[in-house]
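Counting from 1, position 401 in the sequence shown corresponds to residue 1203 in our numbering; the numbering is continuous, with no gaps.
The beta carbon of each residue, even a glycine, is placed where N, CA and C say it ideally should be.
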Amino acid sequence: NGDEMTSADVLASLERWGEISGVGKLLMAATEELSAPDDYTVQFVTSRPYGTILIALCSNTQACVIYPKSVIDTAGIEPLTEYIGTGPYRFVEQQADAYIRFERFEDYVAVEGEPNGYGGHKYAWVDEIEFVPVPDEAARVAGMQAGDYHIVIELSNDQYETLQDAPNLRVEIRPPSNWDAFFLNWAQPLMGDHTIRKAFQAALDHMPILQSARGGGDFVRLDPSLMMEPTPWYSTAGEALYNVADPELAAQYLEEAGYDGTPIRFMCTQEYAYMYGSAVVAKQQLEEAGFVVDLQVTDWATVLEKRAQKESWDVFVTGHGFVPDPSQITYVGQMNIYPGWWDSEESLALAAQLLSEPDFETRYELWEQIRIRAYEEIPAVKTGDSSVISVWSTDVGGYTDQLQRGVPYWNVWLEG
């Protein structure tokens, strides 16, 4: 809005973030004092070591976004009604189910240097950016082929063959940047039973699930690690319990647990094809092992609403994007906060150490212990890694698809 950003805005934003974000809540629980000694300084005083403080503040999932204090004073912890941030583009308008429009903010002053991931210099090359919701995938594909859109997201990998030879498009298979998982609700009797969780884990054959969700070939890979292989955090600790694919063993666990046929309330949505594809095949495999499965297919908003209610579900499926640090894995950094509520005293203690410890070698040892406990205690079952396709017009320059969270549109331009 043209006003100067001061520490008052940052302080108000941090305090709000600390109330509404799982990442923020954990940091604020370790914060003894948060203050603004002058207009350009914000100071944290923590009650204990918190080695991941910069990681928490830099996270772009549950991001600590800075808004004007006046906007936060009006909204409190409720959803914002004014959209004023700090970037090179400003919000103009939203038409429900039609578009969200941004325009270049002429008063923006970029930092010196060159673009660097989500940091560095931000160039606002184009005058306007419109985000257009097109729920039907066939319509998104046709729109790209016709030149109606410059960039498309959320296409199924099946479209690769259709689009790869289009003369006006560039199509690439991205490096693996996502893993899919089934989250189990420890707060309910069914998945609160460790032996039943072991049966769930043992029943699943991961490759058919991945192929149904994401396609085969170059789009999927079996991998037990929760951190991608190119990162220093890669670890196969616990892999003996990955992709067990033994329905007879699962049936034995069910008998041992005295399973009485209570249906698994399994939530998914067709709005994300991979979620539905995963759930349908998993349902078949679970039923072959002796589970009864109530597959509840709703819109994604309903899944989000219900998964926050401990009494409403037993399993849901989702994807987890690449993160640079294991503390940013939802059910590790927010262990007993994220839906599923992994509530193991020993694992919680390890996670607290992972958050507080600054030394990499020490943290890696802690991470391996957490990994092993994750496979033994089973808060979730990872199926495997997946790639997606990026599709953009040949008219677009400066396109770079980040490994984490998509395209930085501020450095994109139009040719010609």
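Taking a contact to require three or more Cβ pairs closer than 8 Å, the stretch 1158–1177 and the stretch 1050–1068 do not qualify as touching. Secondary structure remark: continuous beta strand (DSSP E) runs of at least 3 residues inside the stretch 1100–1161, in chain order: 1117–1123. Contact check between the stretch 1036–1045 and the stretch 1168–1177: three or more CB pairs, one atom from each, fall below 8 Å, which counts as touching. Assignment of Asp-875 by DSSP, reduced to helix, strand and coil, places it in the helix class. Between Glu-956 and Tyr-1036, the alpha-carbon positions lie close to 27 Å from each other.
Ranked by Cα distance from Glu-1179, the first of Met-1077, Thr-843, Ala-1052 and Lys-1000 is Lys-1000.
When the Cα atoms are used, Asp-805 and Gln-864 turn out to be separated by approximately 25 Å. Look at Met-1069 here: in three-state DSSP terms it is strand. If you draw a straight line from the Cα of Arg-903 to the Cα of Asp-950, it is about 16 Å long.
Counting every other CB atom within 10 Å of its CB across the protein chains shown gives Tyr-1133 a total of 16 or more, marking it as buried.
The beta carbons of His-1008 and Val-1198 sit about 36 Å from each other, so the pair does not count as a contact at 8 Å. The way I'd put it, the stretch 962–972 doesn't touch the stretch 934–942; fewer than three beta-carbon pairs between them come closer than 8 Å. Here the stretch 1142–1154 makes no contact with the stretch 1012–1025; the two share fewer than three CB pairs at distances below 8 Å. In the DSSP secondary-structure assignment, Arg-892 is bridged to Glu-905.
Boundaries for Gln-845: no alpha helix (DSSP H) harbours it, while the beta strand (DSSP E) harbouring it runs 843–848, taken from the DSSP string. About 7 Å separates the CB atoms of Cys-866 and Gly-826; that is less than 8 Å, so the two are in contact. By the criterion of at least three beta-carbon pairs nearer than 8 Å, the stretch 870–879 is not in contact with the stretch 829–838.
Annotation for Gly-1079: the continuous alpha helix (DSSP H) segment containing it runs 1075–1091. Lys-871 has its alpha-carbon roughly 6 Å from the corresponding atom of Ala-814. Here the alpha carbon of Ala-1182 sits roughly 13 Å from the alpha carbon of Ser-1146. Listed in chain order, the alpha helix (DSSP H) elements of length 4 or more contained wholly in the stretch 961–1009 are 961–965 and 996–1005.
Counting only residues of its own chain and dropping the five nearest sequence neighbours on each side, Gly-820 has a CB closer than 7 Å to the CB of Gly-826, Lys-827, Leu-829 and Met-830. Excluding its 5 nearest sequence neighbours in each direction, Val-928 has C-beta neighbours in its own chain below 7 Å: Val-1214, Trp-1215 and Leu-1216, listed in chain order. Taking all protein chains in view, the Cβ of Ile-879 is surrounded by fewer than 16 other Cβ atoms within 10 Å, so the residue is classified as exposed. In chain order, Ile-975, Arg-976, Pro-978 and Phe-1021 place their CB closer than 6 Å to the CB of Ser-1189, counting only its own chain and leaving out the 5 sequence neighbours on each side. Here Thr-833 carries a strand assignment [DSSP, helix/strand/coil].
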